[in-house]
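K.L.:
Chains as they are written, first to last, in our numbering: chain A, 687 to 1190; chain B, 8 to 319.
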């Protein structure tokens, strides 16, 4: 490790500007996390335009801080409202809400917070120690390997995100189709731009992301508004015995460590996301417990298992991102866009060419965890109040940010029209249960896949035998085939999907 | 009443003085100005442009707002710019490729005659690069190597692809050409040993100091001030050139005095320390000044060369 770069990174991470940027990100994320219905990827999609005028380091740390904040904040509404702020905190509500009902809301919130922060810090440290050697090896990954991995990621994500293979194919196919719009890489000829110069660089990612993720979600929410107006938040009372104690902490510590391990493993694999991580961790904690029947009735270990895994997924998802430039989930894919806006190509060369930036981001991530602990601990009462903000106040504000974010992109009216079109598309996909995660990931991966595939075909001069000298590519091609076959078998057996991985 | 007439006379005199001063100094902006940049925030054009905006504020005495209109390598911004008022308050810090290259390969709504050109500030440094450990260290050695072995080349634009195809045909090289999608994609291919040599729009500046990359030849018409020993293709006897400059673009129909004012502004900027520093040190581009007439002539010349190249 390059120590001069590390110390330079630490000094950059400890400036006032970065404190404000990262702290602001965590705070914003916390608030977004607390509000049910506002999810992480929605927040990132809306926040990317806000980072235009930040330095690359602050911009990326701000967005990562935002992700971390949402993961911690979502526990608050899961515990107090029984309505998780993120799908990934649904497992937290299983034990958190009963515990709050039993008159221990503050203890439950503190357990959630400590599990979140510990999962977060530990996974960030794992990221730092894995990403650096990984990025060194990753230079061995040429176009053949990249094409194979991208194809695998595409199939894998499609398989995990939805029930029916046909709906998955439809959503993924639409994403692939939209991903091919723009100037051809090699000839420079426009494809499907219909004379619009705005489409030469492809469908604007921000419009597609804000539209299908954020704006459409607001449509869905405002529709729900007509049906449920109930808001039954558990009130916090002054009760000095309602707090986390050393014995409780000692009891949940092994669960937190296990949850962190599960979350890190799940996060590093493309396509699985925090919901899979938190439920998997919850299930494992229950299996390992001496009193499995206590789970679901206010068992502190349940909260700890879910929250530690939920938060550990976020740094872990950056392992394939920083190592290979391949996004593991929608949030990571949006981060690629954010890097690109700041003129940085994410991939194996990032560590070599911009070590200070990468180390600064790592330092910023640790800082974000610490800020998260402080904010969560001292702001507990404040965040608990946010669960009482009614959706009819939240929705218009979010819609405003969606539109303002698009205007900042400089596409003018054209951008707003595209945004609206994708909001309508996203709304319909959510209504009729087509996976918009598959759609978005396919849209984002397609240009990379196309480029690497074309490079491979040209460089091999059409000779298949080249692959024999490329074991990594062969492995991933085999995995892709296996995943495809499994997906087809599953559909025809009409089994339940392995897991539902919503937007994360 | 006498006093008033003196006052009036004084005011008239002031107005007269002001008018003559304005005549002497030429056109002056009356309100905040807008500088359009055809690339996203954070790219080299944007970084240079934002410092340039501060420089122009100093020169013109009016705030300069920067507006990014990314897309199509500047084509989106140029299309929008067709509707800008020709009063000098909206101008573009533009990359010439949008005029010399885009209209050749695709249909655009604008063309060279739709705008006016008021001075060039920054030059490009298109080159052909190889990895530092490649079996050839110069362009001649590359040709010799290529006549014995099949070779691979990473392109970035149809122009450089056309040039390399023609050179390969001329020299009898079996050349496979792959797309890279930009400098960020080129570096891993070249450093990972997947391709033998590549086009570089400026990415090489990061890698040449460590010896990981060598510039074999420049595609520009003149040698780069940063690599005085590297020849241009033309010097090596190949009649091709690819150049790119960054200049002030103004809407068509802009009066001559405004064009002149921007030519002066360009002259001021290329001597202004902060702008020179960010261009040379931060974005590794050479400062190249051309006046309005030379800028327009260069754009037309490069465009004609590109059309001839692509017609083959």
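Beta carbons: idealized from backbone N, C-alpha and C, even for Gly.
Note that the structure is a prediction, hence the values are computed from the model and not measured.
Rounded to the nearest angstrom, how far is the Cβ of residue 113/B from that of residue 874/A, given a contact under 8 Å?
P.N.:
Sure, about 7 Å apart at Cβ, within 8 Å.
K.L.:
Identify each residue in the region 1020 to 1031 of chain A for which the Cβ-Cβ distance to at least one residue of chain B is less than 7 Å, and report them in chain order.
P.N.:
Here the close residues are 1027, 1028, 1029 and 1031.
K.L.:
My output table needs one value for residue 869/A: the three-state DSSP class, helix, strand or coil.
P.N.:
Three-state result, residue 869/A: strand.
K.L.:
Would you report the Cα separation of residue 794/A and residue 951/A, rounded to the nearest angstrom?
P.N.:
Approximately 26 Å, taken between the alpha carbons.
K.L.:
I'd like to confirm the pairing. Which residues does DSSP put opposite residue 162/B in its beta bridges?
P.N.:
Note: residue 162/B sits in a beta bridge opposite 186/B.
K.L.:
Spatial neighbours of residue 150/B within its chain, please: C-beta separation below 6 Å, excluding the five flanking residues on both sides.
P.N.:
178.
K.L.:
Look up residue 253/B in the DSSP assignment and give the residues it is bridged to.
P.N.:
Residue 253/B is bridged to 102/B and 129/B.
K.L.:
If you run the structure through DSSP and keep just helix, strand and coil, what is residue 207/B?
P.N.:
In the structure shown, residue 207/B sits in a strand (DSSP, three-state: E or B).
K.L.:
Mind the definition here: the region 1021 to 1028 of chain A touches the region 740 to 747 of chain A only if three or more C-beta pairs lie below 8 Å; say whether that holds.
P.N.:
Yes: the two stretches touch, three or more of their Cβ pairs being nearer than 8 Å.
K.L.:
Find the residues of chain A that neighbour residue 328/B, judging by a C-beta separation of less than 8 Å, and give them in chain order.
P.N.:
Residue 328/B is absent from the structure shown; chain B starts at 8 and stops at 319.
K.L.:
Scan the region 765 to 831 of chain A and note each continuous beta strand (DSSP E) run of 3 residues or more that stays entirely inside, going in chain order.
P.N.:
The region 765 to 831 of chain A contains no whole beta strand (DSSP E) run of 3 or more residues.
K.L.:
Check the Cβ of residue 102/B against every Cβ in chain C and list those closer than 8 Å, keeping chain order.
P.N.:
In the displayed structure, chain C is absent; the protein chains listed are A and B.
K.L.:
So is the beta-carbon of residue 1163/A under 8 Å away from any non-hydrogen atom of the ligand MN?
P.N.:
Among the components modelled here there is no ligand, and therefore nothing to report on the ligand MN.
K.L.:
I'd like to know if residue 1039/A contacts chain B, where contact means its C-beta is closer than 9 Å to some C-beta of that chain.
P.N.:
So yes, residue 1039/A belongs to the interface.
K.L.:
With DSSP as the reference, identify every bridge partner of residue 135/B, one or two as the case may be.
P.N.:
Residue 135/B is bridged to 206/B and 224/B.
K.L.:
Report buried or exposed for residue 288/B, applying the criterion of at least 16 other Cβ atoms within 10 angstroms of its Cβ.
P.N.:
The residue is exposed, with fewer than 16 neighbouring Cβ atoms inside 10 Å.
K.L.:
Give the straight-line distance between the Cα atoms of residue 765/A and residue 704/A, rounded to the nearest whole angstrom.
P.N.:
Taking the straight line joining both Cα atoms gives about 31 Å.
K.L.:
Hey, residue 1111/A and residue 898/A are a contact pair by Cβ (cut 8 Å); roughly how many whole angstroms apart?
P.N.:
The Cβ separation is near 6 Å, so the contact holds.
K.L.:
Any C-beta of chain B sitting closer than 9 Å to the C-beta of residue 1133/A?
P.N.:
For residue 1133/A, the answer is yes, since a Cβ of chain B falls inside 9 Å of its Cβ.
K.L.:
Out of 759/A, 1172/A and 1042/A, which one is the CA nearest neighbour of residue 711/A?
P.N.:
Nearest C-alpha to residue 711/A: 759/A.
K.L.:
For the region 1121 to 1146 of chain A, which residues have a beta carbon sitting closer than 7 Å to at least one beta carbon of chain B?
P.N.:
Result list: 1137, 1140, 1141, 1144 and 1145.
K.L.:
Could you run through the region 126 to 160 of chain B and flag, in chain order, every residue whose CB is less than 7 Å away from some CB of chain A?
P.N.:
Result list: 159.
K.L.:
In terms of residues, what are the limits of the beta strand (DSSP E) holding residue 42/B?
P.N.:
Start and end: 40 to 44.
K.L.:
In the DSSP assignment, find the alpha helix (DSSP H) that holds residue 73/B and state where it starts and stops.
P.N.:
From DSSP, residue 73/B is part of no alpha helix (DSSP H) but of the beta strand (DSSP E) over 71 to 75.
K.L.:
Going along the chain, which residues of its own chain have a beta-carbon closer than 8 Å to the beta-carbon of residue 281/B, five neighbours each way excluded?
P.N.:
Answer for residue 281/B: 58, 61 and 62, listed in chain order.
K.L.:
Between residue 86/B and chain A, is the shortest Cβ-Cβ distance under 9 Å, so that the two count as touching?
P.N.:
Taking Cβ atoms only, chain A reaches closer than 9 Å to residue 86/B, which makes this a yes.
K.L.:
If we cut at 9 Å on Cβ distances, does residue 881/A have a partner in chain B?
P.N.:
Output row for residue 881/A: interface = yes.
K.L.:
Do you know whose CA, among 1045/A, 835/A, 752/A and 840/A, lies nearest residue 692/A's CA?
P.N.:
Ranking 1045/A, 835/A, 752/A and 840/A by Cα distance to residue 692/A puts 1045/A first.
K.L.:
Along the region 66 to 100 of chain B, what residues have a CB closer than 9 Å to any CB found in chain A?
P.N.:
Those would be 74, 75, 76, 77, 78, 79, 80, 82, 83, 84, 85, 86 and 87, in chain order.
K.L.:
Does the beta-carbon of residue 168/B have 16 or more other beta-carbons within 10 angstroms, so that it is buried, or is it exposed?
P.N.:
Burial call: buried.
K.L.:
Please compile the residues from chain B whose C-beta is within a distance smaller than 7 Å of the C-beta of residue 828/A.
P.N.:
Per Cβ cutoff of 7 Å: 199 and 201.
K.L.:
Does the Cβ of residue 872/A have 16 or more other Cβ atoms within 10 Å, making it buried, or fewer, making it exposed?
P.N.:
Residue 872/A should be labelled buried.
K.L.:
With a cut-off of 8 Å, do at least 3 Cβ pairs link the region 200 to 218 of chain B to the region 64 to 74 of chain B?
P.N.:
No, because fewer than three Cβ pairs between the region 200 to 218 of chain B and the region 64 to 74 of chain B fall closer than 8 Å, the two stretches do not touch.
K.L.:
In this structure, does DSSP put residue 258/B in helix, strand or coil?
P.N.:
Of the three classes helix, strand and coil, the one that applies to residue 258/B here is strand, per DSSP.
K.L.:
Buried or exposed for residue 106/B, please, with buried defined as at least 16 other CB atoms from any protein chain shown within 10 angstroms of its CB.
P.N.:
Buried, since its Cβ has 16 or more Cβ neighbours within 10 Å.
K.L.:
Using only alpha-carbon positions, find the residue among 876/A, 860/A and 1066/A that is nearest to residue 1108/A.
P.N.:
Answer by Cα proximity: 860/A.
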